[in-house]
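S.K.:
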Amino acid sequence: MNEFQDFSYDVIVVGSGAGGGMAAYTLTKAGHRVLMLEAGREYDPTTETPMFETVHQAPLRGVGTPDKDFGFYDATVDGGWTVPGEPYTTGPNSEFLWWRARMLGGRTNHWGRISLRFSPYDFKGYSMDGLGYDWPVDYAEMAPWYDETEKLVGISGNNPGLDDVPDSAPGVLQPTFKPRIPELLLKAAGNKLGIPVVPMRRAILSRPIDDRQACFNATSCGRGCSIGAAFQTTTSLLPLARATGNLKIVTDAMVKTVETDGNGRATGVTFIDRTSREDVTLKARVVILAASACETARLLLNSKSERFPNGVANSSGEVGRNLMDSTGAGIAGLVPGLSGRPRYNEDGNTGAHLYVPWWGHKQQLAGKLDFPRGYHFEYGSGFVSPRMQLGNFARGYGKELRDSVNKAYGAYVALSIRGEMLPNANCFMEIDDNTKDQWGIPVPKFHWKWSEHELSQIKHGLATAKKLIETMGGYTLGDPPPAERAIKKGGEIIHEVGTTRMGSSAKDSVTNHHGQCWDSNNLFVMDGGVFASNPHKNCTLTIMTMTMRNASWLATELNRGAL
Numbered sequence: 015m016n017e018f019q020d021f022s023y024d025v026i027v028v029g030s031g032a033g034g035g036m037a038a039y040t041l042t043k044a045g046h047r048v049l050m051l052e053a054g055r056e057y058d059p060t061t062e063t064p065m066f067e068t069v070h071q072a073p074l075r076g077v078g079t080p081d082k083d084f085g086f087y088d089a090t091v092d093g094g095w096t097v098p099g100e101p102y103t104t105g106p107n108s109e110f111l112w113w114r115a116r117m118l119g120g121r122t123n124h125w126g127r128i129s130l131r132f133s134p135y136d137f138k139g140y141s142m143d144g145l146g147y148d149w150p151v152d153y154a155e156m157a158p159w160y161d162e163t164e165k166l167v168g169i170s171g172n173n174p175g176l177d178d179v180p181d182s183a184p185g186v187l188q189p190t191f192k193p194r195i196p197e198l199l200l201k202a203a204g205n206k207l208g209i210p211v212v213p214m215r216r217a218i219l220s221r222p223i224d225d226r227q228a229c230f231n232a233t234s235c236g237r238g239c240s241i242g243a244a245f246q247t248t249t250s251l252l253p254l255a256r257a258t259g260n261l262k263i264v265t266d267a268m269v270k271t272v273e274t275d276g277n278g279r280a281t282g283v284t285f286i287d288r289t290s291r292e293d294v295t296l297k298a299r300v301v302i303l304a305a306s307a308c309e310t311a312r313l314l315l316n317s318k319s320e321r322f323p324n325g326v327a328n329s330s331g332e333v334g335r336n337l338m339d340s341t342g343a344g345i346a347g348l349v350p351g352l353s354g355r356p357r358y359n360e361d362g363n364t365g366a367h368l369y370v371p372w373w374g375h376k377q378q379l380a381g382k383l384d385f386p387r388g389y390h391f392e393y394g395s396g397f398v399s400p401r402m403q404l405g406n407f408a409r410g411y412g413k414e415l416r417d418s419v420n421k422a423y424g425a426y427v428a429l430s431i432r433g434e435m436l437p438n439a440n441c442f443m444e445i446d447d448n449t450k451d452q453w454g455i456p457v458p459k460f461h462w463k464w465s466e467h468e469l470s471q472i473k474h475g476l477a478t479a480k481k482l483i484e485t486m487g488g489y490t491l492g493d494p495p496p497a498e499r500a501i502k503k504g505g506e507i508i509h510e511v512g513t514t515r516m517g518s519s520a521k522d523s524v525t526n527h528h529g530q531c532w533d534s535n536n537l538f539v540m541d542g543g544v545f546a547s548n549p550h551k552n553c554t555l556t557i558m559t560m561t562m563r564n565a566s567w568l569a570t571e572l573n574r575g576a577l
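Using the numbering used here, read the sequence shown as starting at 15 and increasing by one per residue.
1. Tell me which same chain residues have a C-beta within less than 6 Å of the C-beta of S470, skipping the five on either side of it?
2. Does the Cβ-Cβ distance between N16 and L303 come in under 8 Å?
3. Using CA atoms only, rank isn't needed, just tell me which of I345, T265 and L145 is closest to R499.
4. Quick one: what's I345 bridged to in DSSP?
5. Alpha helix (DSSP H) containing L254: first to last residue?
6. How should N573 be labelled, buried or exposed, when 16 other C-beta atoms within 10 angstroms of its C-beta is the threshold for buried?
7. Determine which residues share a DSSP beta bridge with N16 and list them.
8. Taking the beta strand (DSSP E) that V419 belongs to, which residues open and close that run?
9. Just how far apart, CA to CA, sit P584 and A44?
10. Per DSSP, which one or two residues make a beta bridge with L49?
11. Would you grab the beta carbon distance between T6 and L337 for me? Rounded to a whole angstrom, and I think it's under 8 Å.
12. Could you pull the start and end residues of the alpha helix (DSSP H) that G33 belongs to?
13. Between which residues of its own chain and E109 is the CB-CB distance below 7 Å, once the five residues before and five after are set aside?
14. CA-CA distance, K192 and I445?
15. Which residue or residues does DSSP assign as beta-bridge partners of E392?
16. Strictly by DSSP, which residues pair up with Q530?
17. Tell me whether Q246 is buried or exposed, calling it buried when 16 or more other Cβ atoms sit within 10 Å of its Cβ.
18. Have a look at the DSSP bridge pairing and note the partners of F285.
19. Taking P158 as the reference, which of G543, A576, E571 and S566 has the closest Cα?
20. Measuring alpha carbon to alpha carbon, tell me which of V179, S399, V48 and N324 ends up nearest R75.
21. What runs of the alpha helix (DSSP H), each 4 residues or longer, lie entirely inside the segment 461-493?
22. Please confirm whether M562 and M36 have their CB atoms less than 8 Å apart.
23. To the nearest angstrom, report how far apart A327 and C308 are at their CA atoms.
24. Comparing alpha-carbon positions, which option in N564, R357 and S220 lies nearest A425?
25. Short of 7 Å in beta carbon distance, which residues of its chain neighbour I455, apart from the five on each side in sequence? Order them along the chain.
26. Whole angstroms are fine: how far does the CA of S319 sit from the CA of V427?
27. D136 lies in the alpha helix (DSSP H); which residues open and close that run?
28. Taking C-alpha atoms, which residue in S290, L41, V333 and W113 lies nearest to C531?
29. If we call anything under 8 Å between Cβ atoms a contact, is S330 one with K521?
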């Protein structure tokens, strides 16, 4: 047992977001003592969340700025793609954006709460088409862990009986949210085209759980949720873990290296206290890295020693490789049939209550599509709180201007593509030894290039979105741009994964199927870095599910005196 600030502990967890929060919750509930280190500041959503402020009260009507990318009220209070004093670099002809949420709870305070299970196809993609890698686990093994995670987190949704949307066990999911009128119109268009439109699964409560209240459909979840209806670790996993008495959280602790002994075992970590700028080295029986895929890879690559000259856990040379993000692109349109509707409250939860899951597995198996894997559509429309973007529809002056804005209000629609990316040799991160952040830590250097697989996928998605809007009786605001121009930059969707891939062999992967590093058996990775593939589904639910599974196994190993 080690001690820090009068707290004794066995395990150090680096990071407090989806992976770190679930690791701490699982281990502390099993009776193990956990010291959590968070690089960012303390954050209390019950007192800091601007749930009810309106956009007209914010500078620039709340629009995004370089220091608040998602708008003035976004819950990421001390981070973003640009963090003062914490640069990163990119290789030649590469564009990549690296999101950091320097706050307790990490990205879970800000995310869209979309919570889609990976399917049997998603875990065994290589076996289906010979591309990328299979996971060293399959869906059958993960299904009961998905059930447990969904019950704990609180996922609203249903079982539509589609191969891309695996069923949850009876009684697991909370009731769905009622579709809005524009969403019902999308569903009608999908029916005509043979494209499914089903309830979105989100980590938003439609029924209360423990101290967390049900959503009352009034504010944006991206601001954070002081009542706990929209899942974030700061209102759920962390308070629950703290309540056991087995968790201590240290914020402003910028971990820079994993310490190891001559046998390769992790002995602890060294962090920089951001308030005093002093180095602090801590010992631990077990170290869990859950700092996010790129931050964890950076830690490992910077942790060099005589035994690990290329970084800890990197004998395979795979740390930093296999970097993936979701593809992203979008198309907007106007549906005249939605113009002039009677005004009513169409707020609902943070986003669309319906979405379009992937429907093309059979077409791909039959060789009818020119790209592998799939994508889904996220939908936007309705009577949302008026924002500066309404000016895009303004025409003329005076009454003419007011009438044009009124006519467009509630009739604007948008379909956003979120698709699977396959790993490729051009997408990876390394350490830029010539650039250091304000803490003296060498920064990551990102290399990025979309492949033809992703570009063909985006081309198909844009054409399909245009067809859906036209089938709704609308028209797109211009023709879809070429895929090369339409696709988002790497990292822009903030789903980066794969940099410490799990696998079945130490020769070509970083961890085994429990997230346990091949080179150091008491060092674990429990964030998106372990992903063997990056299906089109948002990654947070699977990060938490995999972590619950792996931390449960670790708790058992600790109980029997292993490690």
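Glycine residues also receive a C-beta, built at the ideal position from the N, C-alpha and C atoms.
M.R.: According to the structure data:
1. Residues of the same chain with a CB within less than 6 Å of the CB of S470, apart from the 5 flanking positions on each side, are D384 and F385 in chain order.
2. L303 sits away from N16, with the two beta carbons spaced by 8 Å or more.
3. Out of I345, T265 and L145, the CA that lies nearest to the CA of R499 is found in I345.
4. In the DSSP assignment, I345 is bridged to L429.
5. Boundaries of the alpha helix (DSSP H) around L254: L251 to R256.
6. By the C-beta density criterion, N573 is exposed, having fewer than 16 other C-beta atoms within 10 angstroms.
7. Per DSSP, Y23.
8. Note, V419: premise wrong, no beta strand (DSSP E); alpha helix (DSSP H) at G412 to A422.
9. Outside the modelled stretch of the chain, which goes from 15 to 577, sits residue 584, for which no answer is possible.
10. According to DSSP, which records beta bridges pairwise, L49 is partnered with I26 and K262.
11. This structure gives no information on residue 6, because the portion of the chain shown stretches from 15 to 577.
12. Residues A32 to K43.
13. Excluding positions up to five away in sequence, the list reads W462, K503 and G504.
14. Distance between the alpha carbons of K192 and I445 is about 48 Å.
15. In DSSP, E392 forms a bridge with S430.
16. Q530 is bridged to F538.
17. So Q246 ends up on the buried side.
18. F285 is bridged to V269 and V294.
19. For P158, the nearest C-alpha among the options comes from S566.
20. Here the closest residue by C-alpha is S399.
21. Listed in chain order, they are 466-485.
22. Taking 8 Å as the cut-off, the beta carbon of M562 is found closer than this to the beta carbon of M36.
23. Cα to Cα, the separation comes out at about 15 Å.
24. From the listed residues N564, R357 and S220, the smallest Cα separation to A425 is found for R357.
25. These residues qualify, in order along the chain: K270 and N316.
26. Cα to Cα, the separation comes out at about 55 Å.
27. Per DSSP, D136 belongs to the alpha helix (DSSP H) from P134 to F137.
28. For C531, the nearest C-alpha among the options comes from V333.
29. Yes.
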